[in-house]
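Engineer: All you need for the numbering used here is the position in the sequence shown, starting with 1, plus 881. Beta carbons: idealized from backbone N, C-alpha and C, even for Gly. Pasting a structure here, questions to come.
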Amino acid sequence: MKLSTEPIIVVGMHRSGTSLVTRLLEAGGVFTGWLRDENDEALFFLKRNEAILQACGGSWENPGAIDGLLASESAKARIVERLEADIRSTSFWSFIGFRSRAEIGQWAWKDPRNSLLLELWLEIFPRARVIHVVRNGVDVARSLAVRANRDILSAEKGQGRSRSRYWRELRPERLVEWYQYLWTRFGPNGRLRCMGVPRTLLPTAGFELWEDYLRRIESGMSCVQHSLTIRYEDLLSDPEESIKALEAFAGVRFETGVLEACCQSLRPQRAFAFKADHCPDSLLEMARRSVWMHRFYPELEISRSSQTS
């Protein structure tokens, strides 16, 4: 028996709740990978997504660099051929671990970069089911800016990414990730690599990136036969309803205790968090004019006074 050719591919902008949905899938019995990073992203797929973006001169913050690749049928064919070979090879052990392919059953993987390269993965898994997790662009942009500021402060202290977090989370299955961290931090020009200024340091830039991701996700999902869109805010405010939709779509069943534990771990106050804080008028104005905000959040009224309403 071979590996199922109907995986679940989780897409969505960074800081949108894709990790939460992936953990829910795992709680329901879906296999989401053996070697994963701290964001529950399977390293096998993450590293290949990163490599493709880098080969095009891009990154998760610069998705426009892949447009040339996606416009070239021959280039796409070469990439797809390489990815298929990797999946057939022994390197796929980093995803399946010590299981045989026949033992995997229902499986999924999550990486926000799937949002940019979904077209390629659907060439390999045309019957894949896709879950799109969306969160309002204002909260996404603010969360990205907070993370960017934190990364800059860590770099200024000579730490790069948080070393304390790596020590806390160091486990045997993350030795590959540890090695990559050490090489990035202490290898040639490591200090310079850790001192870059992220594009998303500006909330308005983060919002523009959010819109770009949604546009690319919509384009990539245009030929998907089975898809589910989950709003992060709905998952927080009415978890039982969202989880029922997830159960029906993924074909999983949550035990009562697992479902209750998942619901209790959620923080409803994170839904539309920007309403309780001060937001730059420029960011709110972008959100008010955004086609994507109107499409996914038609009930949401955004004005300069929305953060105090």
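List in chain order: all unbroken alpha helix (DSSP H) runs of 4+ residues lying wholly within the stretch 920-1008.
Structural biologist: Complete alpha helix (DSSP H) runs here, min 4: 924-936, 948-952, 954-969, 974-977, 995-1005.
Engineer: If we count the other Cβ atoms within 10 Å of its Cβ and call it buried at 16 or more, is Ser897 buried or exposed?
Structural biologist: Ser897 is buried by the Cβ-count criterion.
Engineer: Which class does Val1198 belong to by DSSP, given the choice of helix, strand or coil?
Structural biologist: In the structure displayed, the chain extends from 882 to 1190; residue 1198 sits before or after that span and is not available.
Engineer: Quick check on Val1011: buried or exposed, where buried means 16 or more other Cβ atoms within 10 Å of its Cβ?
Structural biologist: Flag for Val1011 reads buried.
Engineer: Could you work out which residue in Lys1125, Arg1176, Glu1114, Val1027 is closest to Arg1096 when comparing CA atoms only?
Structural biologist: Among Lys1125, Arg1176, Glu1114, Val1027, the Cα nearest to that of Arg1096 is on Arg1176.
Engineer: Over what stretch of residues does the beta strand (DSSP E) that includes Arg1112 continue unbroken?
Structural biologist: Segment 1107-1112, the beta strand (DSSP E) holding Arg1112.
Engineer: Output the distance between the C-alpha atoms of Ala1157 and Ile1183, rounded to the nearest integer angstrom.
Structural biologist: Approximately 13 Å, taken between the alpha carbons.
Engineer: Find out if the Cβ-Cβ distance for the pair Leu906, Ala1129 is shorter than 8 Å.
Structural biologist: The answer is no: Cβ separation not under 8 Å.
Engineer: According to DSSP, which residues form a beta bridge with Val891?
Structural biologist: Per DSSP, Lys991, Ile1012.
Engineer: If you pair each beta-carbon of the stretch 1159-1176 with each one of the stretch 1085-1096, do three or more pairs fall below 8 Å?
Structural biologist: Touching, yes.
Engineer: How many angstroms separate the CA atom of Ser1108 from the CA atom of Pro1007?
Structural biologist: Roughly 12 Å separates the two Cα atoms.
Engineer: Looking only at its chain, what residues have a beta carbon closer than 6 Å to the beta carbon of Phe973, apart from the 5 residues adjacent to it on each side?
Structural biologist: Excluding sequence neighbours, Phe973 sits near nothing in its chain.
Engineer: Taking Cβ to Cβ, would you say Ala1152 is nearer than 8 Å to Glu1114?
Structural biologist: In contact: Ala1152 and Glu1114 (Cβ atoms closer than 8 Å).
Engineer: Measure the C-alpha to C-alpha separation of Asp948 and Asp1162 and round it to an integer number of angstroms.
Structural biologist: Computed Cα separation, rounded: 32 Å.
Engineer: Take Arg1134 and list the residues in its own chain whose beta-carbon comes closer than 7 Å to its own, dropping the five residues that flank it on each side.
Structural biologist: Counting only Cβ-Cβ distances below 7 Å, and skipping sequence neighbours, we find Gly909, Glu1128.
Engineer: How many Å lie between Ile890 and Ile968 at the Cα?
Structural biologist: In a straight line, the C-alpha of Ile890 is about 15 Å away from that of Ile968.
Engineer: Mapping DSSP to helix, strand and coil, what is Arg1148?
Structural biologist: In this structure, Arg1148 counts as coil in the three-state DSSP scheme.
Engineer: Which same chain residues, not among the five before or five after Trp988, have their C-beta less than 6 Å away from its C-beta?
Structural biologist: Excluding positions up to five away in sequence, the list reads Pro888, Phe912.
Engineer: Would you list the one or two residues that DSSP bridges to Arg917?
Structural biologist: Bridge partners of Arg917: Ala923.
Engineer: What's the gap between the Cα of Val1015 and the Cα of Glu1141?
Structural biologist: C-alpha separation (whole angstroms): 23 Å.
Engineer: Closest to His1159 by CA distance: which of Ala1009, Ala958, Asp1020 is it?
Structural biologist: Cα-wise, what sits closest to His1159 is Asp1020.
Engineer: Run through DSSP, which three-state label would Phe912 get?
Structural biologist: It is a strand residue.
Engineer: What is the DSSP secondary structure of Ser900, reduced to helix, strand or coil?
Structural biologist: Note: Ser900 maps to helix in three-state DSSP.
Engineer: So, at 7 Å on beta carbons, what are the nonlocal neighbours of Pro1084 in its own chain, with the 5 sequence-adjacent residues on each side left out?
Structural biologist: Cβ within range, chain order: Ala1022, Arg1023, Ala1026, Pro1161, Leu1164.
Engineer: Report the CB separation of Lys860 from Thr903 in whole angstroms; it is logged as a contact under 8 Å.
Structural biologist: Residue 860 falls outside the range modelled here, since the chain spans only 882 to 1190, and no answer is possible.
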